[in-house]
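Novice: For what it's worth, our numbering labels the leading residue of the sequence shown as 1, then goes sequentially.
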Amino acid sequence: MTDHHSTATAPDADELLHYLRGYADRYQRQHCRRLEAVTLPRDTWRALGKPETAAGLRIKPEVGDT
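#1: Closest to Glu36 by C-alpha separation, out of Glu52, Leu48, Glu15 and Arg42, would be which residue?
#2: Buried or exposed: which applies to Thr44, given that a residue is buried once 16 or more other Cβ atoms fall within 10 Å of its Cβ?
#3: Find out if the Cβ-Cβ distance for the pair Leu57, Leu16 is shorter than 8 Å.
#4: Cβ of Leu40 within 8 Å of Cβ of Pro11?
#5: Contact check, Gln28 vs Arg34 under 8 Å by CB: the rounded distance?
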């Protein structure tokens with residue numbers, strides 16, 4: 001069984017998108033409005049393929065994170 005909370009290995013892009021969709025859905029339920037954009041750590045953003053949008057959200061890498 002895969003431990004989804006382990007930091008031993010980085011999640012793949014599909015898993016990251018799954019988490020991002022879940023986060024956006026929870027945000028909408030809790031705040032009664034859709035999350036429009038997220039800022040991700042640069043390594044996570046790269047792992048997703050440097051997208052401008054994903055899971056219905058605008059995505060930006062953190063500034064100054066190299």
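Don't be surprised by glycine CBs; every beta carbon is placed ideally from N, CA and C. All of these numbers come straight from a predicted model, not from anything done at the bench.
Specialist: A quick look at the data gives this:
#1: Taking the first residue of the sequence shown as position 1, residue 36 is located at position 36. The option with the nearest alpha carbon to Glu36 is Glu52.
#2: Working through the sequence shown from its first residue, we reach residue 44 at position 44. Buried, by the Cβ-count rule.
#3: Here the question's residue 57 lines up with position 57 in the sequence shown. Here the question's residue 16 lines up with position 16 in the sequence shown. Not a contact, by the Cβ cut-off of 8 Å.
#4: For the purposes of this step, residue 40 is taken as the residue at position 40 of the sequence shown. For the purposes of this step, residue 11 is taken as the residue at position 11 of the sequence shown. Contact flag unset, no.
#5: Looking up residue 28 in the sequence shown gives position 28. Looking up residue 34 in the sequence shown gives position 34. Gln28 to Arg34, Cβ: 5 Å. Contact.
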